């Protein structure tokens, strides 16, 4: 079926329509319908994963006219490659878990909550599959509203401050991006493009001065979302105030929008500018890694600690992506998925103890492992995954990132960043030790119940993924590999060839990759003929 | 007058007859049955406009696709405003046949405005609906604020009418013709006469659009008038003024100063409107200042006229009208019998009255220009046109002020949904009229935000 992507994306909206007709007092019904919707969405998305061919082309493409306003032509143009495939899968995979986690956490306004969750899912999926820049922008903004409400309505004490801060930060970034988009489109018009289709813009020759401004506008918008130091301050606020499911989605998926934006838009659209600013971004990423780790270490609140660990992890992703080689980008992408799973799991764990004790202060706990053995085991595994212990998913991604970045021009940055690995072990294990081990001296903790069946059910898929991706990451890497190689070929020549051949711009990788093909890319000769039309047929449509 | 002419102006005839009959029937047997009757009249005029493609050129008036589409827009707006007023006036005890009759008369004036082909007819149309609003603003006779705002509106309005009339007289004195089409081609209008004429007409229209510095009446009138009247005043009457500006625009373009004046009006309105709205404690005054800012964006579209600004302006007006109707409709329903103006008194109302709350929030998002609402598409069209026309400074000022505007629009949403309700009063079930009055603009906001193509096609066709 060719419109599988649209079906997946808009199924949650159907669920919303269903929810509207359920009275708001039948909470069980509301929860079940929302859960069923996300499960069905996940099931529908499975054929996408199995049907995905391991090549560099965009697949499951749909391209129909949408808006034509004077010189502006926007199309409903969607499709996925190996990069977005896993993010789509991550989204459909995390959503049922997030919904399930709210069965007891959210008692008030269940209907509104579920509606927002489902709308959010549509927004996120839409952003990952959009290949029309305008469509992407719409979905990008659509995500903003449900999240804003989720933080603002179901959040903690400071929720309104956090919600407005989240909104304004994102809004500033997106407006900049919008201006850059319009400017880019005008440049495209001059070059004879007729719509907002992303792929043709990869071939656009832009003067360096224009590239720099456009790159900075896009980079700023995405950097806010990632979030990169020093634009990260909204994140701890948003996380601390958001309800559990909100935090899970925020950490697991929404933050990936930022890094995905770099990989899909900012870097391939403006490769020269990306190269120029790579040291700056790598510096900020490394500062983020170290700074966030240090701040995480002194947090009293478990949730804030996890939030800062997110900042550090995403610093690694950025470092990997800006290494501009296959290992680095693959590692970065894997780390995006890993972070989604392990940090999502960590927020769920924080949610479990918060529901039981209504506190998140580390000092209020201690010795929980005696009272809650199952919980302790699960928490341990997730902690290891977050640290990146070999055998868990975190290791594979982090290792690839570090290898890739070390081989690139970012060697010195990598050396400093490596200390972040140690720091993450320090703050995570120290937190784990203070919460789980020691004396069970707080009387309130002595009656805590271990996880129930629903809670274990939530965690099991995540634990399974932690090990699957840690022990056998090959299928994941294989599917994203061609897309990553194509991305590298789009970025590489820019820096390597000082003198550019006008007709041999990214469209025909055969010309460029020739330099580096033989050793590392056995598939390249075969991929060549594929990859070349991969860009062009879409333009023709 | 031929049959074709009569067919073409049939909506105006329907409205006139409806207005007179409404007055007569009211004097015999007053009551609220007149509202459904007036609704039927507006509905009939709207249907005729949409369904009967009768077009003709008459002395002073030209009925073509453009005028038909614009009048359909005015009548639709009037329809929603009437639906809104039906319940509101009953609750407030605004009795009598004057309300529906005057509203019909206002729509008549707008219908005339958009089909005018000479200066005199244009003036008549503009003043006809403004005249109707002088009455509607003060229709709540016991309201002190209503009386004050009515007087302010009347004084400002007559002054601006006088200025505009003088401008038209000067143009006539210079060119010897009143016809819009001929005015642009007549050569040898003395430069001072042309400039003074255009300038004065612009000032007159700036009053109707409440562009800074002719905006001072706006906050008081919006606050004092009944909410359904404000709804119509802020949407259809602005729309009619935009249409008038569009009709006059070829004339304006003959003088570079016209562009510069509009440039200044746009800048001042965007900045003043959005900054002042930040400070307002009352929702109606906030919406009033925000509408000044919104009209600044329309003026920005006119500045960018050569780059497709006309279409952007009309798109903006439609999007703004839908949001304005939705906002004031929700305010009139949430206010219920009390005068609920303080923004803080809307705490938690989003849950008490889900539909009205949701529509109000949607309107706020649209006014703030956040996708997927009509407001975003409209803002995108305006800014893109401005950038294309090379008006970088103005576009940047517009974007910056739009960002400021996000704050105060969000404030309403925050109060509606994120604050604990202060009191718990009875929840009243909405009537069908109210659901329609909220649902139509609300659905328009979403539809235009997701799929604006049909409207864009229509605008392209009528502006060709």
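Protein chains in written order, with our numbering: chain A, 1 to 541; chain B, 1001 to 1464. Even for Gly, the Cβ is constructed at its ideal location relative to N, Cα and C. Just so it is clear, the structure is predicted and the values come from calculations on it, not from any experiment.
- Under a criterion of Cβ atoms nearer than 7 Å, no residue of chain B is adjacent to residue 246(A); the nearest Cβ is some 14 Å distant.
- Contact of residue 1303(B) with chain A by beta-carbon distance below 8 Å is absent, the smallest such distance being about 16 Å.
- For residue 412(A), the enclosing alpha helix (DSSP H) covers residues 411-436.
- Within chain A, the residues whose beta carbon sits less than 7 Å from that of residue 1308(B) are 70, listed in sequence order.
- Using a 10 angstroms sphere on the CB of residue 485(A), the tally of other CB atoms reaches 16 or more, which defines it as buried.
- Around the beta carbon of residue 490(A), 16 or more other beta carbons lie within 10 angstroms, which makes this residue buried.
- By the 16-neighbour rule on beta-carbons within 10 angstroms, residue 1100(B) is buried.
- Interface flag for residue 175(A) against chain B is set, since a Cβ pair is found closer than 8 Å.
- Listed along chain A, the residues sitting closer than 7 Å to residue 1399(B) by beta-carbon distance are 175 and 179.
- Of the candidates 1330(B), 1444(B), 1045(B) and 1031(B), the residue whose Cα lies closest to the Cα of residue 1017(B) is 1045(B).
- Any Cβ of chain B closer than 8 Å to the Cβ of residue 143(A) would place that residue at the interface, and such an atom is absent.
- For residue 1453(B), the neighbours in chain A by C-beta distance under 9 Å run, in chain order, 65, 66, 67, 68 and 69.
- Within its own chain, the residues whose Cβ lies closer than 7 Å to the Cβ of residue 180(A), once the five positions on either side in sequence are excluded, are 214, 217 and 218, listed in chain order.
- The C-beta distance from residue 1461(B) to residue 1065(B) rounds to 6 Å, short enough to meet the 8 Å contact threshold.
- Residue 1026(B) and residue 1041(B) have their C-alpha atoms spaced approximately 15 Å apart.
- The beta carbons of residue 350(A) and residue 298(A) sit no closer together than 8 Å.
- Contact with chain B is absent for residue 381(A), since none of that chain's Cβ atoms lies less than 8 Å from the residue's Cβ.
- Residue 1357(B) and residue 1370(B) have their alpha carbons spaced roughly 17 Å apart.
- A Cβ-Cβ distance of about 5 Å is found for the pair residue 111(A) and residue 30(A), placing them in contact under the 8 Å criterion.
- Contact between residue 1328(B) and residue 1249(B) does not hold, since the beta-carbon distance rounds to 29 Å and is not under 8 Å.
- Counting only runs of at least 4 residues, the region 1028-1113 of chain B fully encloses the following alpha helix (DSSP H) elements, listed from N- to C-terminal order: 1034-1051 and 1065-1092.
- Between residue 340(A) and residue 253(A), the C-beta gap is smaller than 8 Å, which places the two residues in contact.
- In the structure shown, residue 1295(B) adopts helical secondary structure according to DSSP, grouped into three states.
- From the listed residues 201(A), 166(A) and 165(A), the smallest Cα separation to residue 182(A) is found for 201(A).
- Assignment of residue 63(A) by DSSP, reduced to helix, strand and coil, places it in the strand class.
- The straight-line gap separating the alpha-carbon atoms of residue 327(A) and residue 403(A) is approximately 7 Å.
- In the DSSP annotation of this structure, the continuous segment of the beta strand (DSSP E) that includes residue 80(A) starts and ends at 72-80.
- At the C-beta level, residue 1056(B) and residue 1111(B) stay beyond 8 Å of one another.
- Note: residue 1282(B) is bridge-paired with 1342(B) in the DSSP secondary-structure output.
- Within the region 1406-1420 of chain B, the residues whose Cβ lies closer than 7 Å to some Cβ of chain A are 1406, 1410, 1414, 1417 and 1418, listed in chain order.
- Assigned with DSSP and collapsed to three states, residue 1457(B) falls in helix.
- Any Cβ of chain B closer than 8 Å to the Cβ of residue 163(A) would place that residue at the interface, and such an atom is present.
- Restricting attention to 1129(B), 1220(B), 1393(B) and 1167(B), the CA atom closest to the CA of residue 1291(B) is found in 1220(B).
- Bridge pairing for residue 1118(B): 1179(B) [DSSP].
- DSSP places residue 361(A) in the strand class (E or B) of the three-state scheme.
- In the three-state reduction of the DSSP assignment, residue 56(A) falls in the coil class.
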